[in-house]
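Each step along the sequence shown adds one to the number in full-length UniProt numbering, with nothing skipped, and position 101 is 101.
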Amino acid sequence: MQPEKDAVVAPADVVVATLAKDIAQIAEERDEDNALSEPSVVARSSGSLSWRARFRPIIFGVRIHRRPWLMSYHYSVLAVIVFDVAMLMAETLDGPNCAGSAPDYPTFPTYTFYEGIEVLVTLVLSVDLVLKCVLARDLKFFRSFGFALDGLSTASLYLLVLKIGNPMQVDLKRNTTVAAIKAIRYFRLPRIMFMMKDMDGMVVLHKTAMASVPPLKVTLFFLITIVMMFATMLYYAQPCYNVATCTFTDIFNAGYFVMVTVATVGYGDQVPDLNNILALVITCIVMIFGTLYLAMPLAIIGIHYETTWIDFDAKQVELGLKSQAVQSNVEAEAATFERMETMDLSATHHSLNAKFLDMCDIVTRIAEHADALVASLDAQGIGPVDWDKNGKVLEIIRETTHAIKVHRALTKEIKPFVPKDLVTSQSGKKPMAAANRTTSFSHSIVSRAKRALSNIKPKDDDGPPDPSVKRTVRERLFLLMERPHSSRQANLVNKFFLLMVILSVLMFYAETTPELQHYGMDSDLCHDAFASYCASRDDVGCFVRSATNETTTKPLDFYCDADASNPDCFGVGYNYGSNATLPHCYSLFSNPTRICEIRQCKPGHVPMFDMTLKWVYLEYYFGAVFTCEMALRLYAARNRGAYLRSVGTYIDVVAVTPFYAEVIQGIVNGRVPMYAIVPTFPTFLSVLPVMKPMRILKLARHFKSTSVLARTTRETWKRLLIPLFFLFLGCVSAGAIFYEIERGTSCYKGYPCMWWDRNLWTKELEGTLPFGKMEQIQVNKFSIITDMLRSSWLSIETFTTVGYGDMHPRTPFGRLLDIIAMVLGSFYTAMPLSLVGTQFYLAYRDFLETQKNKRLNGSLSLVRPRNASTSPRRPLRKRASVISQDDVPVLNQFMTLSRLLNETLQMVYRLNAAQPRPAKLGAQEVPMPPLLQSVLGGVKTARNAGRRSFSPQSPPPPTAPVNVSAQAKAIHIEGMSKGLMTATALSHTILLQFSIIVHKIVVSDPSAVADSPARVTSSQFSRSENSRRDSNSDSHCDDSAY
1 MQPEKDAVVA
11 PADVVVATLA
21 KDIAQIAEER
31 DEDNALSEPS
41 VVARSSGSLS
51 WRARFRPIIF
61 GVRIHRRPWL
71 MSYHYSVLAV
81 IVFDVAMLMA
91 ETLDGPNCAG
101 SAPDYPTFPT
111 YTFYEGIEVL
121 VTLVLSVDLV
131 LKCVLARDLK
141 FFRSFGFALD
151 GLSTASLYLL
161 VLKIGNPMQV
171 DLKRNTTVAA
181 IKAIRYFRLP
191 RIMFMMKDMD
201 GMVVLHKTAM
211 ASVPPLKVTL
221 FFLITIVMMF
231 ATMLYYAQPC
241 YNVATCTFTD
251 IFNAGYFVMV
261 TVATVGYGDQ
271 VPDLNNILAL
281 VITCIVMIFG
291 TLYLAMPLAI
301 IGIHYETTWI
311 DFDAKQVELG
321 LKSQAVQSNV
331 EAEAATFERM
341 ETMDLSATHH
351 SLNAKFLDMC
361 DIVTRIAEHA
371 DALVASLDAQ
381 GIGPVDWDKN
391 GKVLEIIRET
401 THAIKVHRAL
411 TKEIKPFVPK
421 DLVTSQSGKK
431 PMAAANRTTS
441 FSHSIVSRAK
451 RALSNIKPKD
461 DDGPPDPSVK
471 RTVRERLFLL
481 MERPHSSRQA
491 NLVNKFFLLM
501 VILSVLMFYA
511 ETTPELQHYG
521 MDSDLCHDAF
531 ASYCASRDDV
541 GCFVRSATNE
551 TTTKPLDFYC
561 DADASNPDCF
571 GVGYNYGSNA
581 TLPHCYSLFS
591 NPTRICEIRQ
601 CKPGHVPMFD
611 MTLKWVYLEY
621 YFGAVFTCEM
631 ALRLYAARNR
641 GAYLRSVGTY
651 IDVVAVTPFY
661 AEVIQGIVNG
671 RVPMYAIVPT
681 FPTFLSVLPV
691 MKPMRILKLA
701 RHFKSTSVLA
711 RTTRETWKRL
721 LIPLFFLFLG
731 CVSAGAIFYE
741 IERGTSCYKG
751 YPCMWWDRNL
761 WTKELEGTLP
771 FGKMEQIQVN
781 KFSIITDMLR
791 SSWLSIETFT
801 TVGYGDMHPR
811 TPFGRLLDII
821 AMVLGSFYTA
831 MPLSLVGTQF
841 YLAYRDFLET
851 QKNKRLNGSL
861 SLVRPRNAST
871 SPRRPLRKRA
881 SVISQDDVPV
891 LNQFMTLSRL
901 LNETLQMVYR
911 LNAAQPRPAK
921 LGAQEVPMPP
931 LLQSVLGGVK
941 TARNAGRRSF
951 SPQSPPPPTA
961 PVNVSAQAKA
971 IHIEGMSKGL
981 MTATALSHTI
991 LLQFSIIVHK
1001 IVVSDPSAVA
1011 DSPARVTSSQ
1021 FSRSENSRRD
1031 SNSDSHCDDS
1041 AY
């Protein structure tokens, strides 16, 4: 409606109309698919919005502050989908809908009910999809992931109608196609998560997942290494001799068992043989490693989840979307601490902050020692010797010397933040001669440091190579093999060798898979197993049998051709292996339970693809690749001796040794080596392939983040010794108690076994046991825990929370003890979880900080894309300095702190020399600053004069009058005492003023990120301790510092 021409329009009305128009336009152009990372707080004028804009938040589930009723429709559709998923689960149960006899759930509804529910749910979802299509702002919605989920979760019923017509008759026409169409309904599960993506919990969960993925990759490498290594050891430790009772048929099967153990799940479907000590020991180690491994991901995810919730709640309170909860005094203090401004500083800023705090701590201790020394001084110099006072002198000298070191290091940290124009403007100002000496002295230090640094070559130049520098073939090869970020070619070579390592390990595991092996009496694997068995035994079946079926002394030939008719060959004539001799296996061999039941000789096995004799080609390829890699790295190494002594070289040699051992064995025996693996009747050469999985350790060369695991191991292994020792002690102690409670009664077949006036032997228990056989019986069953090996196995299963289920207590007292063991096991798990988890988290944070600093310094550069220019980089714009002209006086005062500390040293030495029995000062007690050597020379005269005047052997009586020299000495000591106290007070004042500059530098760090107080506190504590250790590592002061 147009206003009249003569109407007066107020300026306020124009502003209101313009704002209403802008708000309507913003609401119309808003894309709901990308909304709700933060709820909108813009108030809309309902009269200015179109009907599509008003209904769009309702249908798409847009959360608007103070209007939660708009989410009612969204939550209703979500509830319908959840109900339908519950019906999908119920439909899979054995009820009347399955049309079978005697269903397990006869009270469940029929198939018609489920199909009716499906029709109703599909109708609701179809209406929802149509409304979204109508209200969509543009075509972007039809290309979105949400539209695809909506369409797939709705399409199942319509496809069934097109396939069979009436969906109610699906149960009569079931086939594979119908089952596949009905499986499309499972897309409703991800739709539930997609519809919940804007809820507070899902937002926090998504951020936590994104933040946890990088460190979890490191733990995944550790997990893969553990599973592969221990799976291989278990596969070889418990070979498969009897196909009917075989536990680990291949390494993949053993890896599944190791993963179940590491995750502390313990299904119990696979358990190592309790009579196999080696397998039990390996499994116990896996249990312990599983507990240590779980500490790392639990710490990462737990800390990130907690800090993300804290940040999210703080953001909600800041935006006014959430009110501050009423808290108790303790909770309020904790919340105040959590809201403190804490930052994750870069390495440079953190080092500056740590050194400044260390300097404040040292100066405080100097003041305390100085106050105690002055209080214990004898101005007259005639009192008894105070040995505690001598200790105070030594402490002051040590602390002051340390303070001078830290001051020198802190000065180097501050220098890069001081603008050069301030230094230039101040260079012409020379207020006094002392400043000239200090300036020239500092210039000499800087020039000397530059000359020293110019002669140092970097140990690790990870930066990109200079294209203008001509390099030799060896240098270019070094960059290609050892610096994957130096060029695109180096990156491709690195990825190629990484792929070869992964494929070679997978191939080794595939060599143990029965589905790729040919079995039977005529198979090469069977012949090889009998050859290994007969090599160490003189059984009848291992020798050639004559034409009259008599045994000879000639051993069988197990490596004949398939069509050979030589009477010495295995399976020919009356030799074992022919059809006529198979039934007599148990009478021909001394260990028939193993040799007669091995799976590689059993008929009827049909492999998916026979690779028994074809693995050799892939083994030759991988062996050649790894050999060439070792040769190239050795040729390109800068220090070949160091390369040969490195751990990586040892891993390479060990990993390729089995290949050459098998090749040499094949050459010696005159046949092609067979790389298919069935670890029966082990020999040295047959067990040697167990070292092939060590190739997985070669991945550490391709992933720099594996250094986090190495650092975590170094930081925690000593602290884990005590918990592991107590775990061993607790398992043995609990095992002894379990054994005494659960072992039952020892009974012997044929003799009465009385327990509480009751004979425990029954006909069922006696069975076919031989006479005199000893068995342990619990009431009416054979005991499970028959020895301390099994009882200790039960205790470690309980303490590590694995619980396979093969061992369990039966008696009430045993179950009570088991409950106590469960509780103690939970307490034990807390130690490695907190220790390993925290150390891993801190190590990973330091690793990320180091990598970030390298990238900022240009030492780590990504591979340049193909279309990138080769021109030199444009210099970055210099960041504005936070130190201004007003801070120059404070900086000058801080620079004079070194002279103040030196004066403190001089006064302490003079005060010590003026005492009747001064403390011994030398190279063995404290480091002697060179500048004070001259001071001591001058002080000796005064000290000798004091000794001549006041000899300790003949001290003057207390009533003797004090002469003039004694009065002068007392005045001198009092003056030096006041000077010492003044110097310490000035040091405190200078540091307090200098803290303003440190605050400016640290707070201005652009890379600082708000973080959790607990994390920052623990990280700063760790790094502060490292900084203290580094500052204490220098055993002597630099001569030029004085």
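The beta-carbon is built from N, C-alpha and C at its ideal position, and this holds for glycine as well.
Bear in mind that the values here come from a model prediction, so they are computed numbers and not experimental data.
| query | When the Cα of ILE785 is compared with those of LEU274, HIS206 and PHE187, which residue comes out closest? | reply | LEU274
| field | Any 3 or more C-beta pairs closer than 8 Å across the stretch 750-760 and the stretch 683-700 | value | The stretch 750-760 is not in contact with the stretch 683-700.
| field | Three-state secondary structure assigned by DSSP to SER454 | value | Because the pLDDT at SER454 is just 40, under 50, the model does not fix this residue reliably, and the value given afterwards should be weighed accordingly. Helix, per DSSP.
| DSSP three-state assignment for GLU597, whether helix, strand or coil | DSSP places GLU597 in the coil class of the three-state scheme, outside both helix and strand.
| said: On the DSSP letters alone, give me the boundaries of the beta strand (DSSP E) that SER746 sits inside. | reply: 745-748
| Are ALA314 and GLY290 close, meaning C-beta to C-beta below 8 Å? | no
| said: I'd like the span of the alpha helix (DSSP H) that includes THR225, first residue to last. | reply: Where THR225 is concerned, the enclosing alpha helix (DSSP H) stretches over 200-237.
| query | Between the stretch 101-116 and the stretch 155-170, are three or more C-beta pairs nearer than 8 Å? | reply | yes
| task | Take the Cβ of VAL393 as the centre, count every other Cβ of all protein chains shown within 10 Å, and call the residue buried at 16 or more, exposed below. | result | buried
| If we call anything under 8 Å between Cβ atoms a contact, is PHE681 one with TYR533? | yes
| field | Residue range of the unbroken beta strand (DSSP E) whose run includes PHE681 | value | Here PHE681 belongs to no beta strand (DSSP E), and DSSP marks it neither H nor E.
| said: Taking the straight line between their C-alpha atoms, what separation do you get for CYS753 and THR745? | reply: 8 Å
| request: Enumerate in chain order the residues of its own chain whose CB-to-CB distance from LYS602 is below 7 Å, with the five nearest sequence positions on each side excluded. | output: VAL243 and TYR519
| request: Measure the alpha-carbon distance for ASP128 versus LEU205 and round it to whole angstroms. | output: In this model, ASP128 and LEU205 are separated by some 27 Å (Cα to Cα).
| Element boundaries [beta strand (DSSP E), containing PHE543] | 543-545
| task | Could you spell out the range, first to last residue, of the alpha helix (DSSP H) harbouring LYS182? | result | 176-182
| field | For PRO555, the first and last residue of its enclosing beta strand (DSSP E) | value | 551-555
| field | Residue environment, GLN915, which counts as buried when at least 16 other CB atoms sit within 10 Å | value | buried
| message | When you compare the CB positions of MET691 and ASP524, do they come within less than 8 Å of one another, or not? | response | no
| message | Quick check: VAL708 and VAL218, are their CB atoms within less than 8 Å of each other? | response | yes
| field | residue 1061 to ALA580 span [Cα, whole Å] | value | The shown model of the chain, from 1 to 1042, leaves out residue 1061, and the question about it has no answer.
| request: Starting from the Cα of SER126, find the closest Cα among GLU619, PHE141, SER156 and ALA279 and give me that residue. | output: SER156
| said: Measuring straight from C-alpha to C-alpha, what distance separates ALA788 and PHE738? | reply: Checking the sequence shown, residue 788 turns out to be Met, not Ala. Roughly 8 Å between the two C-alpha positions.
| field | With 16 other Cβ atoms within 10 Å as the buried cut-off, status of HIS584 | value | Exposed is the call here.
| Between VAL258, TYR235 and GLN967, which lies nearest to PHE248 when the distance is taken from Cα to Cα? | TYR235
| field | PRO689, DSSP secondary structure in three states | value | helix
| said: Can you look up ASN253 in the DSSP assignment and give me helix, strand or coil? | reply: helix
| query | How is MET71 classed by DSSP in three states: helix, strand or coil? | reply | helix
| For MET196, which of helix, strand or coil comes out of DSSP? | Coil.
| Going by the CB atoms, is the gap between ARG633 and TYR621 shorter than 8 Å? | No. Outside cutoff.
| field | TYR105 - DSSP class collapsed to helix/strand/coil | value | coil
| Are the stretch 817-825 and the stretch 793-805 touching, with three or more C-beta to C-beta distances below 8 Å? | yes
| task | Please report how far the alpha carbon of ARG701 lies from the alpha carbon of LYS470, in whole angstroms. | result | Taking the straight line from one Cα to the other gives about 27 Å.
| message | Does SER934 come out as helix, strand or coil in the three-state DSSP assignment? | response | Caution applies to SER934, whose pLDDT of 47 falls short of 50 and renders its modelled position unreliable; the value that the coordinates give is listed next. DSSP places SER934 in helix when its eight states are reduced to three.
| query | Which term fits SER795, buried or exposed, when burial requires 16 or more other beta carbons within 10 angstroms of its beta carbon? | reply | buried
| message | From the DSSP secondary-structure annotation, give me the bridge partner or partners of ASN759. | response | For ASN759, which the question treats as bridged, DSSP gives the partners MET754.
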